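Heads up: the structure comes next, in structure tokens.
There are 2 protein chains.
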Amino acid sequence: MARLVLKFGGTSVANMDRIRNVAQHVRREVEAGHEVAVVVSAMSGKTNELVAWCKDASILYDMKEYDAVVASGELVTAGLLAIALQNIGIPARSWQGWQLPVTTDDAHGSARILGIDGSKLIEGFEKRKEVAVMAGFQGIHPESGRVTTLGRGGSDTSAVALAAAIKADRCDIYTDVDGVYTTDPRIVKQARRMDRVAFEEMLEMASLGAKVLQVRSVELAMVHKVKTFVRSSFDDPADPKPGTLICDEEDIVEQQVVTGIAYSKDEAQITLRRVADKPGVAAAIFVPLADANINVDMIIQVVSDDAKTTDLTFTVPAAEYERAKAILEAAKAEIGYGDLHGATDVVKVSAIGIGMRSHAGVAARAFKALAEKGVNIRAITTSEIKFSVLIDAEYTELAVRTLHTLYGLDKT
Amino acid sequence: MARLVLKFGGTSVANMDRIRNVAQHVRREVEAGHEVAVVVSAMSGKTNELVAWCKDASILYDMKEYDAVVASGELVTAGLLAIALQNIGIPARSWQGWQLPVTTDDAHGSARILGIDGSKLIEGFEKRKEVAVMAGFQGIHPESGRVTTLGRGGSDTSAVALAAAIKADRCDIYTDVDGVYTTDPRIVKQARRMDRVAFEEMLEMASLGAKVLQVRSVELAMVHKVKTFVRSSFDDPADPKPGTLICDEEDIVEQQVVTGIAYSKDEAQITLRRVADKPGVAAAIFVPLADANINVDMIIQVVSDDAKTTDLTFTVPAAEYERAKAILEAAKAEIGYGDLHGATDVVKVSAIGIGMRSHAGVAARAFKALAEKGVNIRAITTSEIKFSVLIDAEYTELAVRTLHTLYGLDKT
């Protein structure tokens, strides 16, 4: 007997037929003798509808009320799945975030889980052989007693945090794909599903644009060593495929240098030309952006032709581009720069692999291969286990395919 | 300054435009210097959608999970109204049933309110000049900690119970009609809106088919002497009409003998012919029906031609007709009756008025008037302040109009 957490996303619970299918997945695990806790998202589209109403009610909507509204979608699916399970003879009950409770900080709209009290849920396993169905994406701030949400994709984090709290043997993230791929299969037909991927690699992939898991859920899984599978809810419940295991790197026997290629279209580039090369100038630029909660990613500094000033290029999320430009233009005199150039038709393509640690020249090979295809690189950043290049958006597919082939990831 | 509870039903919060209109009604009362608590229903149609999903999940759906699912609709409107109020500069926050808490018994699906702790809400009035927006229709069972709902129309009851708990000066039930009418204006063009109606009369009207208020909300208003208005949310928020006040009979100056005519199509008639006239036979008939939660209303017993048996006629809710027939047919030998006749194309028409107490022959005039119009009366019941006749459904409009005119209720 094992203790499992199964998580089903919005497309997996999109309507009653899909919810009945989820019940069959749960049944299989129950009949195998396991204790099962399920975490569910809202029906696909429901959260967007609720968010749109909040925005319609006020452009400056109160995040506390936003959370009270949008957290309701998961309550519906949790109750419906509990009914569907009972209907096939499996004892089940739903748990709302505040009922366990799932405690979070008070960062409404993107709260962080502080703890999950799994005791009532474990009592249900032990005394009533009961499947627990927890509403994902939400919690409660213990001081204010108000409902909080974890941000988009937060149900992944709910599931991993619950798995850590109840010391589950496994956390299965059911989604609409059958695992984690070496890159987006819609772009590269030769993309391969990986059997295993290391936590660190998955974390980079999620951060760099792979949408299969929320970044924070991977962080949590890594910290708490939660054995996490990504698998498909569209498999036959009687004969499912194993999916991709996210695990410690020691558990991966054949380590490759590069394991995946990710890309993110959610990028905008800003270049400040002829920035005065004096102490404190970086602070003058980046502190106001940080104060406005704008996340700056790639930063490249190049000495200008005149050698007395520098050119500074960096990226911000595309959604924050206009706001970032306005802040920098307002601070032009204070910062002291010549002019500001921006571009939104850019894409960040990244290669990720723990093997890079022990292999030199991995990125250099990419620069050469991209140059040969005529892809101009606007910016580069590297870290221990990944490198990223910023390129013109129109070269996205070409660049992804080139790197996928270069590092031997194509399906044979 | 007064303390008010305003309640808005599903059609009044059907979409964001309607919710913004509700905010204007609230604004008017806030600007008049009042402390305001608002109780909201789910957007019209939403509760039906949620109920349909529960039924789709299982015909034998768990009422505890049903409550967890259907209570979510009010959370959405409570949050959205709070945002809409903030958007026009009025401090506001939403309250979910469990947050105050609103405690109820554990009769899931039709729970009764045990108490409402209004202290946090009053603190909001006093410390933050804050409008409280409470999700109607729901509460929490204190022992199990599970969400409960009060049954259809339960938000009326939430509002009156809240008004009693916080000792509100007034409870305004905003709906899609502008008050309580002497009868259904769709049937009788001469129907008049009443300025005032006594609690006891309103209770009978609600019980006898007038759909303007939930019966239990009127009971609560009567017991706790809550001054309750029924009024229209479709009025111009800047210049609303007063609606109908439900109040003590002493507060009604010109008391009429009959104040309203109600009708209910939700009736079915069952007649058992030649029932053995022996002790215990009534119990043999009605106990099994009561055990099956079937509510028996009008009961008439007539001695048969042979004087050794009786004919027994009674009504049950139309929705329970088939079930009641099956129970009685199964118990035929035990009860001992000749045959069973039933009819579902029947209607109960009632006249209500506190003045009946002190006027003899009120009902007799009705029997005569209906006979003159050729309306056959199948059954009659009377109580201190109302009488009802069961007639063929096709005579509904004729009978209602006849009684409305007979008792001088037509608009002049």
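Going down the list, the protein sequences come from chains V and R.
For the first sequence, our numbering begins at 789 and goes up steadily by one.
For the second sequence, our numbering begins at 789 and goes up steadily by one.
Ideal Cβ placement from N, Cα and C applies to all residues, glycine included.
Just so we're clear, the structure is a prediction, and the values are computed from it rather than from any experiment.
Nearest-angstrom Cα separation, counted from residue j out to residue i
i         : j         : result
R:Ala866  : V:Asp905  : 28 Å
R:Ser943  : R:His1147 : 36 Å
V:Phe1074 : V:Val1084 : 8 Å
V:Leu938  : V:His896  : 8 Å
R:Arg1019 : V:Lys795  : 47 Å
V:Ser832  : V:Val801  : 7 Å
R:Ala870  : R:Leu863  : 11 Å
V:Val985  : V:Gly1162 : 31 Å
R:Tyr1125 : R:Ala1131 : 18 Å
V:Lys852  : V:Arg934  : 7 Å
R:Glu989  : V:Ala953  : 57 Å
V:Asp1027 : V:Leu996  : 33 Å
R:Val976  : R:Val965  : 15 Å
R:Ile1140 : V:Pro889  : 51 Å
R:Arg816  : R:Met1010 : 27 Å
V:Arg1111 : V:Ala840  : 21 Å
R:Ala923  : R:Ser860  : 9 Å
V:Ser932  : V:Asp1133 : 43 Å
V:Gly941  : R:Cys1035 : 52 Å
R:Met993  : R:Gly1048 : 7 Å
Burial state of residue i, where buried means 16 or more other Cβ atoms lie within 10 Å
i         : result
R:Asp850  : buried
R:Thr963  : buried
R:Val1090 : exposed
R:Ile847  : exposed
V:Val1014 : buried
V:Arg1189 : buried
R:Ala1071 : exposed
V:Ala1050 : buried
V:Leu974  : Looking at the sequence provided, one finds Arg at residue 974 of chain V rather than Leu. Exposed, because fewer than 16 other Cβ atoms sit within 10 Å of the Cβ of V:Arg974.
Where residue i sits in the DSSP three-state scheme
i         : result
V:Val1000 : coil
R:Asp944  : helix
R:Arg974  : coil
V:Arg1153 : helix
R:Gln1057 : strand
R:Val1014 : coil
V:Lys1029 : coil
V:Gly903  : strand
R:Met922  : strand
V:His896  : coil
V:Arg958  : strand
V:His813  : helix
V:Ala802  : coil
V:Gln874  : helix
Contact under 8 Å by Cβ, residue i with residue j
i         : j         : result
V:Ile1179 : V:Val1150 : no
V:Arg958  : V:Tyr969  : no
V:Ala1064 : V:Thr1032 : no
V:Thr971  : V:His1192 : yes
V:Leu1194 : V:Arg1153 : yes
R:Ile807  : V:Ala845  : yes
V:Ala880  : V:Val921  : yes
R:Ile928  : R:Gly885  : yes
R:Val948  : R:Thr892  : no
R:Ser946  : R:Asn809  : no
R:Val793  : R:Ala951  : yes
V:Ser829  : V:Phe925  : yes
V:Glu1182 : V:Ala1106 : no
R:Lys1113 : R:Leu1100 : no
R:Ile1168 : R:Phe1175 : yes
V:Ile1058 : V:Phe987  : no
R:Ile1142 : R:Glu1037 : yes
V:Asp894  : V:Thr835  : no
V:Ile1082 : V:Glu1108 : yes
Nearest to residue i (by Cα), restricted to the options the options
i         : options                                      : result
R:Glu914  : R:Arg791, R:Ile847 and R:Ser995              : R:Arg791
V:Lys955  : V:Leu888, V:His1012, V:Gln978 and V:Gly1141  : V:His1012
R:His822  : R:Asn836, R:Met804 and R:Met789              : R:Met789
R:Cys842  : V:Leu873, V:Asp983 and V:Arg815              : V:Leu873
R:Ala1187 : R:Lys1199, R:Val858, R:Lys1156 and R:Asn1081 : R:Lys1156
V:Ile901  : V:Arg1004, V:Met1086 and V:Glu1160           : V:Arg1004
Short CB-CB distance (under 8 Å) between residue i and chain C
i        : result
V:Ala870 : Although the question refers to chain C, the structure presented lacks it and instead comprises the protein chains V and R.
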